[in-house]
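Residue numbers (our numbering), protein chains in the order written: chain A, 61 to 246; chain B, 27 to 689; chain C, 44 to 143. Working notes for the structure below.
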Amino acid sequence: MSLGSILLYGLLGVVVAISGIGLITSRNAIYGALFLVLNFITVALLYIALGAPFIALAQVTVYAGSIMVLFLFVIMLLGAEQLPIAEPIRGQRILAILLFVAFLAEMALFVMLRGSPVVAGAPITPDFSTPATMGTLLFEQYLLPFEMTAGVLLAATVGAVFLTRSPRPERKSALPEAQQAGKESS
Amino acid sequence: MSLFEIASVHPFFQLVPLVVFLPVLGLLINLLVGKYLGEKGIGAVASLATGGAFAVAVLLAIGLGQVSEGATLTLANWMTVGDFSVNWSFRIDTLSVLMMLVVSGVGMLIHIYSIGYMHSDVRHNEDPGRFRRFFVYLNLFIAFMMVLVSSDNFLMLFVGWEGVGLCSYLLIGFWFEKGADGIGNAKAAKKAFVVNRIGDFGLLIALFLLFHNFGTLNFAEIFEQAPAIAAAAPGAIMAITLFMLLGVTGKSAQLPLYVWLPDAMAGPTPVSALIHAATMVTAGVYLVARSQALYVEVPAAQNIVMWVGALTAFFAATIAVGQNDIKKVLAYSTISQLGFMVTAVGMGATVAGMFHLTTHAFFKALLFLGAGSVILGVEHGHAQANQHAEHGHDSFDPQDMREMGGLRKRMPLTFIVYLLGALTLAGIAPLAGFFSKDEILAAANEKSIAIYALLTAAAFLTAFYMGRQLLMVFFGKPRSVASEKASESPLLVTLPLVVLALLSVFGGALNLPGSHILETWLEHTLEGVTPGHFVLTVALISLAVALLGLLLAWLVYGRKPSFENGQPDPLRKPLNGLFTALENKWWVDELYNTVIVRPYDAVARFSAGVIDQGIIDGLINGMGSMVGSLAKAWRRYQNGYVRSYALTIVVGVVLVITYLVLR
Amino acid sequence: MMPMSYFIGLSILMFAMGILGVLLRRNPLIVFMSLELMFNSANLLFVAFSAYHHVLDGQLFVFFVMTTAAAEVAVGLALIVAIFKAKRTIDLDQMSSLKG
C-alpha cells in the first residue's frame, strides 16, 4: 500500500463522511440532495477502486442520475419548506444521538473482538467484472430474481401512476348533463 | 342374589322391593294427581301405600318363619370404582323385618290419624291447600326409612339415614312461616338438620374408616372380618365404633346432640309421633344393634355407649319434670327412653333394646297422638269460646298444660287411651312397658351397679313426670275457658289411638319371660345375643319405684285443692332454684349458643368480610385494575408520530446487536 | 487494495448517519434521502466483499438492490405528493392520525 493510495482512500472516505453529515444537517432540502449526489459519486469512485466498473456507472446513472432527479422534481413540487428547529417529541434527539453512539460502539467492538482479521485480498484483474460476465451470471443463475425485479418495477410504475391520479367524479345519474360533466372532467 | 333366585328361597321374599316402592308410588300419585282426589282421597292413597308396605313386611315375616336365615336381594349395582363396589340390595332377616314391621305398622296408624288431624290443623292455620304436601312428605319418609332398615351395606343405610334427616327437616318446618316471630318453625327445622349433620359427620368418618380397614361396606363381609381386623388393629375398630356413636347421638338424640328434639316439637303432632318417637330416632339404636359384631370386639366402646345412654336417660328425665308444654314433656321422655335403648344395645343386651324399641314405638306414638287429640280438643274449645273474637291471633297456647285440666270429663276416650299409654311408659305391670324396661334393668344390674342405679332413678322420674302430666291435663278443674269447652276428637283420630292402646297393653306378649318369642326370632340375625333373664327382685324393685313415682305425683299435684290457674307450680317452693334449672332445661341451649354458635358466627363473619371480600376479592380486583393501569401506561407510546416508532425500532435493533455481540 | 476493515467501517458510518437522519429530520424528503444513504452503505459492503472473495454474485446483488430502491423511491415520492395534496404540509409530525 503506497502512500498515494492511502491518501486517496482517506480523501474519499472523508468526502463520504462530510457529505453524509451535510445531508442530515442541511435545513434546505436542495442542499441535502446535492450533498447526497456528492456522496453517490464518491461511492461510485470507491466501486471503481473495488473492481466493479459496471456497478459504479450504474450507480451514477440510476442513483445520481434518475433517483436524485426525481427527488429534485418533488422538492420543486412541494416547495422547500423550512421546518422549525425545535423538536416536539420529548427525548427524541437525545435518544437518537445515544443510539447512534451505541451503534457505532457496538459495531466497532464486534469488528475488533469477533471479526476474523480481514486483510486485503488478492488484487483484482480487469476482466473480473465486465458487462459480459455480469450478463452471463444474471441470465444464467439469477434469471428468476431478474424477472421478479421486472415485476417489481412494473408494480411500482402502476402504483406511482395510481397514487397520483386526480379523483374521478362519480356517475350519479344517467342524465345527459351528468354524462356530459363526466366526459368533460375525465 | 337376583329376583329370580330369591323366589326359589321363598316366594314371599321377592316382594321385598315393594316396601320401598309402594310408598314411593303413593307419594308420586299424591304429587301428580292429588289435587283431584280430595282430602280423603289423598289420605287414603298415602295410608294404603304404607299399609301395603306393612302387608309385605308381614308376608316377609311369615316367610322368615319358614326360612329363618333370611336372604339378600340385589336389585341393582350402584357404583363400582376399582375394588369398591356397592349394590342396592335388600337384606331380609329378622332384625330388618322387625324394624320394617314397626315402621310401617305404626306409620300406617299415624297416616290414618293424620287424615283427621291435618283436616283440623290446616284450617286452624288457614291453608287448606297444604294438606297434600304433608302426605307426600310422610310417604317420602316411610320410603327412606325402609331404605335404611332394609339395606345390606353401610352406604345404603347412610342414604336412608340422610333421607330421613331431610324428611324430618321438611316436616318440622311444615308451617315454615309460623312459629315465634314468624320464623320459629323454620329455625327449629334448621337446628334439627344442622345438629343431625354433626352426627352424620361422625358416621361418615366411621364409614371411611370401615372402608379403609375392611375394603368393603357390606354388612356380612365386615362382620365376618371383624375379629381378624380387631386382633390386627384394635384402635381402628375403637375409632369406628366411637365415630358411629357420634352419629347415633345425633340421630337418636343422646348427649350431647339431643338439643334438636325438643325444638322439633314445632312440627305437627303426627310428625312428632312418627318421626321423633317411633321411627327415625330409633335408627341410631338399629345401627348399634346391627353393628354388634363390631362393638363386641371393643369392650371399652361398649362401656362408653352404655354410659352415654344411661346419663342421657337420667338427664332428660330430670328436665321433663319441669316442662309445661305437653309435647315437650313427651319429647324429653323420648330422649330418656332412647337413652334406655342405647344403654341396652351398648351393654350387648340387644334383644332387650329392640324389645323396648318396639314397645316404645307403640306407647310413645300413642302418647303423642293422644296429646294431639288433646290439643285439637282444646283448640276447638278455644274457637268455640271466642267465636266472635279473631281467629288464632291471641297469645293462647293450646299446648300449655297450665291452661288445661279436668279434660277427662270432656274427652273420655282420649283420657282412657292416654292413661294406658302413660301407665305403660311408667312401667306398671302387666303392661308392655313394664316387661321391656324390666329386661333392660335386669341386664344393667348384671353389668354395672352404677348404671342400674342411674336407670332406676330415671324410671322413678319417668313415673313422676307422667303422673304430673296426667294430673295436670286430665284431673282437677279446668283452668281456662278453652278447656271447659273442649270436645272429643272425631273417629278418624281416635280409632288409631285405640289400636295403639291395645298394642301397648298386650305388646308385652312379644317377649314375656317364659316365652321369649322375640329373642328366638332375633337370634337368627344377632350372634352372641345375651339371653334375657327374668330376675324377680329387679322386677319388683322397678314396679315399686314406678308406683312410688306415681304416688309422689299424686301427693304433689293430685290432692285437693288442685293447683289453680295463675298459681305457681307446686314443685317450685320445695325445689326452688332446682326447679328453675329444670324448667330452663339446665340452660344447655344457651350454653351451646355462647360456646359454639356465637364464636362460629364470628369466624364466619370474619371469613366472609375480611378474607373473602377483602383479601380474595381485593386480589382479583386488584389484578384487574393493575392490568388497566398498565395498559394506560403503555398507551402513552402510541403517540402517532412515525419518528418515535422508528426510534423504537432502532432501539430494538441496538438491543439485538448487543445480544449478538455479548453472546 | 485496502484492508476490509476500512470498507466495513465506512459502511457502518454511512448506515449510522442514515439512521440519525431518519430519526431526527421532520422533512420526509430528507428522511427518504437518508434511507438512500443506508441502501448505499449496504451496497458498498456487498461490493467490497465481492472483491475480497473474488465472487461476482455480490455485485449482481447490488444491481438488484439498486432496481428495487428505484422502484421504492418512485412509489414513496408519489405517496408524499399525494399526502401533500391532502394535508398541504410535509411535516412528518403532522401525520399522526394513528395516535391512540
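For each residue, glycine too, the CB sits at the ideal point set by N, CA and C.
Does Val677/B get closer than 8 angstroms to chain A when you measure Cβ to Cβ? Here residue 677/B refers to the residue found at position 651 of the second sequence. By this cut-off, Val677/B is an interface position.
Helix or strand or just coil, what does DSSP make of Met105/B? Numbered from its first residue, the second sequence carries residue 105/B at position 79. Three-state DSSP puts Met105/B in a strand.
Which residues does DSSP list as the beta-bridge partners of Arg598/B? What you label residue 598/B is simply residue 572 of the second sequence in a count that begins at 1. BP columns for Arg598/B are empty, so no partner.
Closer than 7 angstroms between beta carbons: that is the criterion. Which residues of the stretch 638-671 of chain B meet it against chain A? Tyr667, Arg669 and Ser670
Contact with chain A by Met212/C, beta-carbon distance below 8 angstroms: This structure cannot settle anything about residue 212/C, because the visible part of chain C is limited to 44 through 143.
Please look up how many angstroms separate the CB atoms of Ala327/B and Thr267/B, rounded, as I've assumed it's under 8 angstroms. As a position in the second sequence, residue 327/B is number 301, starting the count at 1. As a position in the second sequence, residue 267/B is number 241, starting the count at 1. Yes, Ala327/B and Thr267/B are in contact; Cβ-Cβ is about 4 angstroms, under 8 angstroms.
Of all the options Leu574/B, Ser474/B and Arg436/B, which has the alpha carbon lying nearest to the alpha carbon of Ile454/B? Looking up residue 454/B in the second sequence gives position 428. When each option's Cα is compared against that of Ile454/B, the closest is Leu574/B.
What do you reckon, are the CB atoms on Thr450/B and Leu467/B nearer than 8 angstroms? For the purposes of this step, residue 450/B is taken as the residue at position 424 of the second sequence. For the purposes of this step, residue 467/B is taken as the residue at position 441 of the second sequence. Result no, Cβ atoms of Thr450/B and Leu467/B do not sit closer than 8 angstroms.
Anyone know if the C-beta pair for Ala112/A and Ser189/A falls short of 8 angstroms? Within the first sequence, the letter at position 52 stands for residue 112/A. Within the first sequence, the letter at position 129 stands for residue 189/A. Yes, the pair counts as a contact, with Cβ atoms nearer than the cut-off.
Can you name, in chain order, every residue of its own chain whose Cβ lies under 6 angstroms from the Cβ of Gly52/B, other than the five neighbours on each side? Your numbering for residue 52/B matches position 26 in the second sequence. If we look at Gly52/B and ignore the five residues flanking it on each side, its Cβ neighbours are Val71, Ala72, Ala75 and Asn165.
I'd like the list of long-range same chain contacts for Tyr695/B, defined as Cβ closer than 7 angstroms, with 5 residues on each side in sequence excluded. With chain B covering 27 to 689 only, the question about residue 695/B has no answer from this structure.
What residues in the stretch 145-163 of chain A bring their beta carbon closer than 7 angstroms to a beta carbon of chain B? Ile149, Gln152, Leu155, Ala156, Leu159, Ala162 and Phe163
In this structure, how does DSSP classify Ala232/B when only helix, strand and coil are distinguished? Translated into the one-based positions of the second sequence, residue 232/B becomes position 206. Ala232/B falls in the helix class under three-state DSSP.
Residues in the same chain with beta-carbon distance under 7 angstroms from Asn151/B, minus the five sequence neighbours each way, listed in chain order, please. The residue labelled residue 151/B in the question sits at position 125 within the second sequence. Taken in chain order, the residues that qualify are Trp201 and Lys204.
Quick one: what's Arg117/B bridged to in DSSP? Residue numbering aside, residue 117/B sits at position 91 when the second sequence is read from its first letter. Looking at the DSSP assignment, Arg117/B forms a beta bridge with Thr98/B.
If we cut at 8 angstroms on Cβ distances, does Leu673/B have a partner in chain C? The residue you call residue 673/B lines up with position 647 of the second sequence. Leu673/B counts as touching chain C.
With a Cβ-Cβ cutoff of 8 angstroms, do Pro191/A and Phe114/A count as a contact? Position 131 of the first sequence holds residue 191/A. Position 54 of the first sequence holds residue 114/A. A contact, by the Cβ cut-off of 8 angstroms.
Reduced DSSP secondary structure (H/G/I, E/B, other) of Met194/A: Translated into the one-based positions of the first sequence, residue 194/A becomes position 134. Of the three classes helix, strand and coil, the one that applies to Met194/A here is helix, per DSSP.
Could you list which residues in chain A have their beta carbon closer than 8 angstroms to that of Val682/B, in chain order? Locating residue 682/B in the second sequence gives position 656, counting from the first residue. Within 8 angstroms Cβ-Cβ: nothing; Val682/B doesn't reach chain A, min ~10 angstroms.
With a CB to CB cut of under 6 angstroms and the five nearest residues on each side skipped, what residues in its chain are close to Val124/C? As a first step, residue 124/C is located in the third sequence; it is residue number 81 there, counting from the start. Hits under 6 angstroms: none found.
In or out: Ser246/A buried (at least 16 other Cβ within 10 Å) or exposed? As a working mapping, residue 246/A is identified with position 186 in the first sequence. Confidence in Ser246/A is poor, its pLDDT being 47 and thus under 50, which makes the residue's placement unreliable; the coordinate value appears in the next sentence. Answer is exposed; the Cβ neighbour count stays below 16.
Can you list, in chain order, the residues of the stretch 62-95 of chain C whose Cβ is nearer than 7 angstroms to any Cβ on chain B? Ile62, Val65 and Leu66
Under 7 angstroms by beta carbon: chain A residues contacting Val687/B: As a position in the second sequence, residue 687/B is number 661, starting the count at 1. What Val687/B touches in chain A: Glu166, Leu169 and Phe170.
Need the endpoints of the alpha helix (DSSP H) that Ile157/A sits in, please. Taking the first residue of the first sequence as 1, we reach residue 157/A at position 97. Per DSSP, Ile157/A belongs to the alpha helix (DSSP H) from Gln152 to Leu173.
Residues that Asn619/B bridges to, as DSSP identifies them: Residue 619/B sits at position 593 when you count from the first residue of the second sequence. DSSP output for Asn619/B lists no bridge partner at all.
Suppose contacts are defined by Cβ-Cβ distances below 8 angstroms. Is Thr98/B in contact with Ser111/B by that definition? Position 72 of the second sequence, counted from the first residue, corresponds to residue 98/B. Position 85 of the second sequence, counted from the first residue, corresponds to residue 111/B. For Thr98/B and Ser111/B, no; Cβs fall outside 8 angstroms.
Whose CA, out of Arg436/B, Val107/B, Ala387/B and Ala343/B, lies closest to the CA of Gly407/B? On the second sequence, residue 407/B is found 381 positions in, with the first residue counted as 1. Comparing Cα-Cα distances from Gly407/B to each of Arg436/B, Val107/B, Ala387/B and Ala343/B, the minimum goes to Arg436/B.
Would Ser130/B and Ala87/B be called neighbours here (beta carbons separated by less than 8 angstroms)? Start at 1 with the first residue of the second sequence, and residue 130/B comes out as number 104. Start at 1 with the first residue of the second sequence, and residue 87/B comes out as number 61. For Ser130/B and Ala87/B, no; Cβs fall outside 8 angstroms.
Have a look at Tyr685/B and Phe160/A and give me their C-alpha separation to the nearest angstrom. As a position in the second sequence, residue 685/B is number 659, starting the count at 1. As a position in the first sequence, residue 160/A is number 100, starting the count at 1. About 17 angstroms.
Anything in chain C within Cβ reach of Phe199/A, meaning under 8 angstroms, just list it in chain order. The sequence position of residue 199/A within the first sequence is 139, counting from 1. Ordered by position in chain C, no residue passes the 8 angstroms Cβ test against Phe199/A, which lies about 11 angstroms from the chain.
If you pair each beta-carbon of the stretch 285-299 of chain B with each one of the stretch 230-250 of chain B, do three or more pairs fall below 8 angstroms? no
Cβ atoms of Thr488/B and Ser362/B: under 8 angstroms apart, would you say? As a first step, residue 362/B is located in the second sequence; it is residue number 336 there, counting from the start. As a first step, residue 488/B is located in the second sequence; it is residue number 462 there, counting from the start. A contact, by the Cβ cut-off of 8 angstroms.
Contact under 8 angstroms by Cβ, Thr100/B with Ser28/B: Here residue 100/B refers to the residue found at position 74 when the second sequence is read from its first residue. Here residue 28/B refers to the residue found at position 2 when the second sequence is read from its first residue. For Thr100/B and Ser28/B, yes; Cβs fall inside 8 angstroms.
At least one CB of chain B closer than 8 angstroms to the CB of Lys128/C: is that the case? Your numbering for residue 128/C matches position 85 in the third sequence. No, Lys128/C does not count as interfacial toward chain B.
Roughly how many whole angstroms lie between the Cα atoms of Ala182/A and Ser139/C? As a working mapping, residue 182/A is identified with position 122 in the first sequence. As a working mapping, residue 139/C is identified with position 96 in the third sequence. Rounded to whole angstroms, Ala182/A to Ser139/C spans 53 angstroms at the Cα level.
Nearest to Ala220/A (by Cα), restricted to the options Leu141/C, Ala113/C and Asp136/C: The sequence position of residue 220/A within the first sequence is 160, counting from 1. For the residues Leu141/C, Ala113/C and Asp136/C, the minimum Cα distance to Ala220/A belongs to Ala113/C.
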